[in-house]
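Structure, as structure tokens:
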């Protein structure tokens, strides 16, 4: 079975704190892709990052960083020095190759992050 | 920002009435998707399209139909709306169906079925 678990339903931090959003996935496929999307209060989901199963190199983009560990099946997302604009719901998703025209994207339930001034 | 427009943004309707939601894109992407978002369920795929007049079912397609007569438009129809279809509906597009391809989303339609 394929599954994505975001155990943290809601997180509340004070501005400038660092915060880590956890994502644990399950799949038997050896080739797969992991994604993070952000859903701000305005509603639309915005792509943040993707990582393939063969690339465990961590990635940093400004205040955002991602830690991919196959040994623990985790793809965690850290925001350093959080800001109020980071307040959003963050989704982790898993995608595996699927024959034909479709592809199956398995979504976590999301973590709602509130950054308070 | 990807050019995806969903209409209407909000709609209130009564049980048993048909409802059509529209997704319009200006990116000329071949692949389009309809998702619904519900608390406790995350995002679930309703239907998708891989080209003009080519559509297929997702995981929660019962009670929904879709049509795609032009590359830029993907319509979602609730044939006879029920209260269980109260949800936020998102349209998404991608340039290819590959597992590594990211999706671009519209702003969503909040539908309430009374």
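Residue numbers (my numbering), protein chains in the order written: chain A, 689 to 805; chain B, -1 to 112.
Glycine residues also receive a C-beta, built at the ideal position from the N, C-alpha and C atoms.
Spatial distance of residue i from residue j (CA atoms)
i	j	result
residue 749 (chain A)	residue 19 (chain B)	36 angstroms
residue 707 (chain A)	residue 795 (chain A)	21 angstroms
residue 778 (chain A)	residue 31 (chain B)	20 angstroms
residue 690 (chain A)	residue 33 (chain B)	19 angstroms
residue 766 (chain A)	residue 5 (chain B)	35 angstroms
residue 17 (chain B)	residue 43 (chain B)	18 angstroms
residue 47 (chain B)	residue 704 (chain A)	43 angstroms
residue 80 (chain B)	residue 61 (chain B)	9 angstroms
residue 84 (chain B)	residue 110 (chain B)	5 angstroms
residue 96 (chain B)	residue 1 (chain B)	21 angstroms
residue 735 (chain A)	residue 92 (chain B)	12 angstroms
residue 23 (chain B)	residue 99 (chain B)	17 angstroms
residue 74 (chain B)	residue 25 (chain B)	19 angstroms
residue 738 (chain A)	residue 763 (chain A)	10 angstroms
residue 797 (chain A)	residue 41 (chain B)	8 angstroms
residue 37 (chain B)	residue 86 (chain B)	10 angstroms
residue 780 (chain A)	residue 57 (chain B)	19 angstroms
residue 789 (chain A)	residue 90 (chain B)	The predicted model places residue 789 (chain A) with a pLDDT of 48, which falls under 50 and marks its position as unreliable, so this point remains unresolved.
residue 724 (chain A)	residue 51 (chain B)	31 angstroms
residue 35 (chain B)	residue 3 (chain B)	17 angstroms
Identified DSSP bridge partners for residue i
i	result
residue 79 (chain B)	For residue 79 (chain B), which the question treats as bridged, DSSP gives no partner whatsoever.
residue 779 (chain A)	A:725
residue 87 (chain B)	B:34 and B:107
residue 147 (chain B)	Nothing can be reported for residue 147 (chain B), as the shown portion of chain B is limited to -1 through 112.
residue 765 (chain A)	A:709 and A:754
residue 794 (chain A)	A:782
residue 799 (chain A)	A:778
residue 162 (chain B)	In this structure chain B extends from -1 to 112, so residue 162 (chain B) is not present and cannot be described.
residue 735 (chain A)	A:725
Exposure label - residue i; buried when at least 16 CB within 10 Å
i	result
residue 769 (chain A)	exposed
residue 72 (chain B)	buried
residue 53 (chain B)	buried
residue 7 (chain B)	exposed
residue 113 (chain B)	The displayed coordinates of chain B run from -1 to 112. Any statement about residue 113 (chain B) would go beyond what the structure contains.
residue 697 (chain A)	exposed
residue 45 (chain B)	buried
residue 70 (chain B)	buried
residue 39 (chain B)	exposed
residue 751 (chain A)	exposed
residue 695 (chain A)	exposed
Close Cβ partners of residue i (< 8 angstroms) along its chain, the five nearest in sequence each way excluded
i	result
residue 746 (chain A)	753, 754, 755 and 756
residue 699 (chain A)	707, 709, 799, 800, 801 and 802
residue 742 (chain A)	719
residue 112 (chain B)	10, 11, 12, 13 and 81
residue 94 (chain B)	28 and 29
residue 758 (chain A)	741 and 744
residue 77 (chain B)	16, 61, 62 and 63
Contacting residues, own chain, Cβ-Cβ under 7 angstroms from residue i (five flanking each side not counted)
i	result
residue 821 (chain A)	For chain A, the structure presents residues 689 to 805; residue 821 (chain A) sits outside this window and is missing.
residue 782 (chain A)	690, 692, 713, 715, 720, 722 and 794
residue 59 (chain B)	44 and 45
Min CB distance residue i to chain E below 8 angstroms
i	result
residue 760 (chain A)	Considering every chain present, this structure includes no chain E. Its protein chains are A and B.
6 angstroms CB neighbourhood of residue i in its chain, flanking five on each side removed
i	result
residue 702 (chain A)	804
residue 9 (chain B)	109
residue 15 (chain B)	79
residue 726 (chain A)	734, 736, 776 and 778
residue 787 (chain A)	For residue 787 (chain A), the pLDDT reaches just 45, beneath the cut-off of 50, and the residue's location in the model is therefore unreliable, leaving the point undetermined.
Practice task
Count the C-beta pairs between the stretch 64 to 82 of chain B and the stretch 759 to 775 of chain A that are closer than 8 angstroms, then say yes if the count reaches three, no if not.
Solution key: no
Handout entry: the stretch 91 to 110 of chain B in contact with the stretch 727 to 734 of chain A per 3-pair CB rule at 8 angstroms
Key = Yes, the stretch 91 to 110 of chain B is in contact with the stretch 727 to 734 of chain A.
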